[in-house]
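Trainee:
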Amino acid sequence: MPISIIIPTYNGAKRIGKCLEALAQQDYQNDYEILVVDDGSKDNTAALIEEKYPQVKLMRQENAGPAAARNNGAQHASGDIILFTDDDCIPVTDWLLQTAVVAVKGAYLTKQPQLIARFVQLEYEDKYRLLEKESYIDFIDTYSAAFRQEVFIKYGGYDSSFPVACAEDVELSYRMSYAGEKMVFQPKARKSTTRTRIR
11 MPISIIIPTY NGAKRIGKCL EALAQQDYQN DYEILVVDDG SKDNTAALIE
61 EKYPQVKLMR QENAGPAAAR NNGAQHASGD IILFTDDDCI PVTDWLLQTA
111 VVAVKGAYLT KQPQLIARFV QLEYEDKYRL LEKESYIDFI DTYSAAFRQE
161 VFIKYGGYDS SFPVACAEDV ELSYRMSYAG EKMVFQPKAR KSTTRTRIR
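As structure tokens, then:
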């Protein structure tokens, strides 16, 4: 199987459905697997997935944070390419990846009606216009990331000492970039989010 999509989740029962439904509607013609890693949820996330999404491979772990959940999924993925997204993300039907390099960053779109989320979207779009001009980049966010599985494992994945989604993607990206790995931005690999992320 060439592609594995890995989604960490914690108490995601109210939001993960839209993500999984979007992934089921992909235009991609070859086989791909979807792995959801339940990071010790206290709600009915696992039961919901088992009942409504039997095609999804569900993994459970003690609560250890999203970095550990992504690493766990990567270790059990059967795909040569692993894609990461979040449980509140909705990939568009032509969510793409480029396999000529070891890592790919996709674009972010918001569906939030709040004014501040719209301003954040404008900032992202300005950044994307600059990234499109670059041959390679040195940072890949976890919301839309693709890696060659063997390379991700080689670098030990995300640093699981980050207990919450924080900067584990920055840390891994910089390690890989420093080692000379090639990473690119693919603006056509778009996804939207259903909740505001402001920390």
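Position 55 of the sequence shown, counted from 1, bears residue number 65 in the working numbering, the numbering being contiguous throughout. Just so it is clear, CB atoms sit at the ideal spot from N, CA and C, and this is done for glycine as well. Owing to the predicted nature of the structure, the values given are computational and were not obtained by experimental measurement.
1) Excluding the 5 residues preceding and the 5 following Ala74 in the sequence, name in chain order all residues of the same chain whose CB lies nearer than 7 Å to its CB.
2) Run through the DSSP bridge pairs and tell me what Gln71 is partnered with.
3) Can you tell me whether Asp97 is buried or exposed? The criterion is at least 16 other CB atoms within 10 Å of its CB, across all chains shown.
4) Mapping DSSP to helix, strand and coil, what is Arg158?
5) Can you give me the Cβ contacts of Val174 inside the same chain, cut-off strictly under 8 Å, excluding the 5 residues immediately before and after it?
6) Asn81: buried (16+ other C-beta within 10 angstroms of its C-beta) or exposed?
7) Drop a sphere of 10 angstroms on the beta-carbon of Thr19, count the other beta-carbons inside from all chains shown, and report buried for 16 or more, exposed for fewer.
8) Would the C-beta of Gln65 count as close to the ligand COA, meaning under 6 Å from any of its heavy atoms?
9) Measure the alpha-carbon distance for Gly89 versus Lys67 and round it to whole angstroms.
10) Reducing DSSP to helix, strand and coil, say where Ser14 ends up.
11) Tell me the DSSP secondary structure of Ala87 in three-state form.
12) Please classify Tyr188 as buried or exposed, where buried requires at least 16 neighbouring CB atoms within 10 angstroms.
13) If you count every other CB in all the chains shown that lies within 10 Å of the CB of Glu191, and 16 or more means buried, which is it?
14) DSSP three-state call for Tyr42: helix, strand or coil?
15) Please report how far the alpha carbon of Asp41 lies from the alpha carbon of Arg185, in whole angstroms.
16) In chain order, what residues of the same chain have a beta carbon less than 6 Å from the beta carbon of Ser51, not counting five sequence neighbours either side?
17) Thinking just about the alpha-carbon of each residue, which of Lys24, Ala32, Val102 and Gln85 is nearest to the one in Val47?
18) Throw me the rounded Cβ distance for the Thr95 and Gln35 pair, which I believe falls under 8 Å.
19) Could you pull the start and end residues of the beta strand (DSSP E) that Cys99 belongs to?
20) Measuring alpha carbon to alpha carbon, tell me which residue in Tyr38, Gln39 and Ile44 is nearest Ile92.
Mentor: This is what the structure holds:
1) Exclusion of the five residues before and after Ala74 leaves Asp49 and Ser170 as the residues of its chain whose Cβ lies within less than 7 Å of its Cβ.
2) Answer is Asp49, bridged to Gln71.
3) Residue burial annotation: Asp97 is buried, with at least 16 other C-beta atoms found within 10 angstroms of its C-beta.
4) Note: Arg158 maps to strand in three-state DSSP.
5) If we look at Val174 and ignore the five residues flanking it on each side, its Cβ neighbours are Gly75 and Pro76.
6) Note on Asn81: 16 or more other CB atoms within 10 angstroms of its CB, so buried under the neighbour-count rule.
7) Here Thr19 is buried. Its C-beta has 16 or more other C-beta atoms within 10 Å.
8) Among the ligands in the structure shown, none appear at all, so the ligand COA cannot be discussed.
9) Taking C-alpha positions only, Gly89 is separated from Lys67 by approximately 13 Å.
10) It is a strand residue.
11) Reduced to three states, the DSSP call for Ala87 is coil.
12) That one is exposed.
13) Burial of Glu191 is indicated by the presence of at least 16 other C-beta atoms within 10 angstroms of its C-beta.
14) Reduced to three states, the DSSP call for Tyr42 is strand.
15) Taking the straight line from one Cα to the other gives about 31 Å.
16) Excluding positions up to five away in sequence, the list reads Tyr20 and Asn21.
17) Of Lys24, Ala32, Val102 and Gln85, the smallest CA-CA separation from Val47 is found for Gln85.
18) Contact between Thr95 and Gln35 fails: their C-beta atoms lie close to 14 Å from each other, not under 8 Å.
19) Residue range Cys99 to Pro101 is occupied by the beta strand (DSSP E) that includes Cys99.
20) Cα-wise, what sits closest to Ile92 is Ile44.
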